[in-house]
Structure formats: C-alpha cells, structure tokens
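Student: Here the protein sequences line up with chains A and B, keeping their order.
Numbering of the first sequence is given in the working numbering, commencing with residue 3 and proceeding in unit increments.
Numbering of the second sequence is given in the working numbering, commencing with residue 37 and proceeding in unit increments.
The beta-carbon is built from N, C-alpha and C at its ideal position, and this holds for glycine as well.
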Amino acid sequence: GAGVSQSPSNKVTEKGKDVELRCDPISGHTALYWYRQSLGQGLEFLIYFQGNSAPDKSGLPSDRFSAERTGGSVSTLTIQRTQQEDSAVYLCASSSGVAMGNEQFFGPGTRLTVL
Amino acid sequence: AQSVAQPEDQVNVAEGNPLTVKCTYSVSGNPYLFWYVQYPNRGLQFLLKYITGDNLVKGSYGFEAEFNKSQTSFHLKKPSALVSDSALYFCAVKSGGSYIPTFGRGTSLIVHP
Numbered sequence: 003g004a005g006v007s008q009s010p011s012n013k014v015t016e017k018g019k020d021v022e023l024r025c026d027p028i029s030g031h032t033a034l035y036w037y038r039q040s041l042g043q044g045l046e047f048l049i050y051f052q053g054n055s056a057p058d059k060s061g062l063p064s065d066r067f068s069a070e071r072t073g074g075s076v077s078t079l080t081i082q083r084t085q086q087e088d089s090a091v092y093l094c095a096s097s098s099g100v101a102m103g104n105e106q107f108f109g110p111g112t113r114l115t116v117l
Numbered sequence: 037a038q039s040v041a042q043p044e045d046q047v048n049v050a051e052g053n054p055l056t057v058k059c060t061y062s063v064s065g066n067p068y069l070f071w072y073v074q075y076p077n078r079g080l081q082f083l084l085k086y087i088t089g090d091n092l093v094k095g096s097y098g099f100e101a102e103f104n105k106s107q108t109s110f111h112l113k114k115p116s117a118l119v120s121d122s123a124l125y126f127c128a129v130k131s132g133g134s135y136i137p138t139f140g141r142g143t144s145l146i147v148h149p
C-alpha cells in the first residue's frame, strides 16, 4: 500500500513568489497534519484537518500561509509572497480516525528554498 | 497544556553497546506518548507508542521504551546499538483531548563502529 506522498520533493523559488505544496495522505485516513522543520530544529505544527470539521489553523505563522483539503483527501499548502525565512522542509502526516492513540504516518517532505 | 523535552541534542554510543535516548513530558491528564525516527532526507517513521497498560513498550527494529509516570519519562532504549540506528529521534506527546501532538526538538543518535 502507498504511504503518504508529497510533491514536489524540492522547490526553489525567488523571494516574493507564491508556492504550492501538495500532500496525498494514506487512503482512508481522516486526519492530516502539516509541519515545518527548519535546519537543526524540531517540528513546528502548522495546521490540522480532521474529516469535514473546520481545520485547526493555530500553528500558521502568518496570513501568508494557508492550506486546504479537497474531498477529505489531497491537501495543498500555499505560501504567498515567500520570504527567505520560509526556507525549510515541509512535512505532511496523516493518521486514521480520531483516537488519541493513533500514530502519524509522514511523507518524505518538500524542501523549500527561497532565494 | 502539554510539552515534551529531549534533554540531549546528541547521543554517542559504540556499536554493540546499549543505548538510551531520553524524553520527559508534562501534561494535564493521561499522556499518549510516541517515538519516531528520521533518517537523512526522509520523513519521520513511527517506532512505538504508549497508550495504556504495560509500562514497557516494544517497537520496531528492537527498540523499546519504558513509561514512568512518577518521573514523567518515556526513555527510548535498545540493548545493542547498530551503526544503522544512527538517525534523529523524536519524542511526542498528546493529552487532554488534543489531537495535535507536541514534538520534542529531537536527539541525534550517532552509533560508532
């Protein structure tokens, strides 16, 4: 079975441009998370989707960041007017159901470089 | 509120020796604790978890972790380290009805031949 996939694997962009990062979760997983991992740092939570509920956007660092999840499956993280400090690896994870004990399955990440 | 601490940025161990990667947590309510491993240029991979029951949890690749409620710890252990265990290890906690885990900063494990 396929795991979580993310595209592109690498993205280089110029400061001020918009970027879209895509995540395909494991089929049937209702929960989807986005994280940011900067060099040498831990995971910074960005946003959480669960089924058809309103997403938890409490981790988004600014209004330049937004995300959507279409049809309860694929998710897109959009960063507008990128800044150099946005350079990081963006990780997507999914998990099944709403049980607290469910572990997360992570994708390989998208490495974003803003020049 | 929930938090997790990994007090060591790096752990060095010789191949064949036992290893321990430390994790302590702070929660309101019962904790749900997880360990993940990240190999270079890869996403995180689930190793093991504690939900309830036996304090000693066994997971993938020979790893185990011991839940200690009085010390609020969940240290990751392996009896005999392999060079291939070298990676970044993350501890995570959920509690109080929050479905969003809090991750530690990660510990880099280096196993020397």
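Report the partner residues of residue 129(B) according to the DSSP bridge assignment.
Tutor: The partner list for residue 129(B) (beta bridge, DSSP) reads 69(B), 138(B).
Student: Do the segment 92-103 of chain B and the segment 74-89 of chain A make contact, defined as three or more Cβ pairs closer than 8 angstroms?
Tutor: The segment 92-103 of chain B, when compared against the segment 74-89 of chain A, does not touch it at the 8 angstroms Cβ threshold.
Student: Checking 7 angstroms against the spacing of the C-beta atoms, do residue 117(A) and residue 46(A) come in under that value?
Tutor: No; because the gap between Cβ atoms is not below 7 angstroms, this pair is not in contact.
Student: Closest Cβ-Cβ distance between residue 89(B) and chain A: below 7 angstroms?
Tutor: Chain A, which has no Cβ nearer than 7 angstroms to the Cβ of residue 89(B), makes this no.
Student: I believe residue 45(B) touches residue 106(B) by the beta-carbon criterion, under 8 angstroms. Please report the beta-carbon distance rounded to the nearest angstrom.
Tutor: About 26 angstroms; that fails the 8 angstroms criterion.
Student: Thinking just about the alpha-carbon of each residue, which of 25(A), 69(A), 21(A) is nearest to the one in residue 108(A)?
Tutor: Among 25(A), 69(A), 21(A), the Cα nearest to that of residue 108(A) is on 25(A).
Student: Report the rounded CA-to-CA distance for residue 112(B) versus residue 18(A), giving the unit in angstroms.
Tutor: Near 43 angstroms, if we compare the C-alpha coordinates of residue 18(A) and residue 112(B).
Student: Let me know the secondary structure DSSP gives residue 105(A) once reduced to three states.
Tutor: DSSP places residue 105(A) in coil when its eight states are reduced to three.
Student: Where do the N-terminal and C-terminal ends of the beta strand (DSSP E) with residue 113(A) fall, by residue?
Tutor: 112-116 is the span of the beta strand (DSSP E), which, as asked, contains residue 113(A).
Student: Please state whether the Cβ-Cβ distance between residue 6(A) and residue 96(A) is less than 7 angstroms.
Tutor: Yes, Cβ-Cβ distance for residue 6(A) and residue 96(A) is below 7 angstroms.
Student: Considering only DSSP beta bridges, list what residue 104(B) is partnered with.
Tutor: Answer by DSSP bridge pairing, in chain order: 109(B).
Student: Which residues share a DSSP beta bridge with residue 148(B)?
Tutor: Per DSSP, 50(B).
Student: Give a yes or no on whether the minimum CB-CB distance between residue 51(A) and chain B is below 7 angstroms.
Tutor: No, residue 51(A) lies away from the interface with chain B (no Cβ there is under 7 angstroms from its Cβ).
Student: CB residue 73(B) to CB residue 83(B), shorter than 7 angstroms?
Tutor: Contact flag set, yes.
Student: Helix, strand or coil for residue 58(A) per DSSP?
Tutor: In the structure shown, residue 58(A) sits in a strand (DSSP, three-state: E or B).
Student: Which word fits residue 75(B), buried or exposed, when buried means at least 16 other C-beta atoms lie within 10 angstroms of its C-beta?
Tutor: Exposed, since its Cβ has fewer than 16 Cβ neighbours within 10 Å.
Student: Is residue 90(B) helix, strand or coil by DSSP?
Tutor: Coil at residue 90(B), not helix or strand.
Student: Run through chain A and tell me which residues come within less than 8 angstroms of residue 61(B), C-beta to C-beta.
Tutor: Near residue 61(B) there are no residues of chain A at all, since even the closest Cβ is about 14 angstroms away, more than 8 angstroms.
Student: If you reduce the DSSP assignment to three classes, tell me which class residue 81(B) lands in.
Tutor: Here residue 81(B) sits in strand by DSSP.
Student: Leaving out five residues on either side along the sequence, give the residues of the same chain with a beta carbon under 8 angstroms from the beta carbon of residue 49(B).
Tutor: Contacts found: 55, 117, 145, 146, 147, 148.
Student: So residue 146(B) contacts chain A; which residues on that side make the cut at Cβ distance below 9 angstroms?
Tutor: Near residue 146(B) there are no residues of chain A at all, since even the closest Cβ is about 15 angstroms away, more than 9 angstroms.
Student: Buried or exposed for residue 63(B), going by 16 or more other Cβ atoms inside 10 Å?
Tutor: By the neighbour-count rule (16 or more Cβ atoms within 10 Å), residue 63(B) is buried.
Student: With C-beta atoms as the reference, is residue 136(B) less than 7 angstroms away from residue 92(A)?
Tutor: No, the pair does not count as a contact, with Cβ atoms beyond the cut-off.
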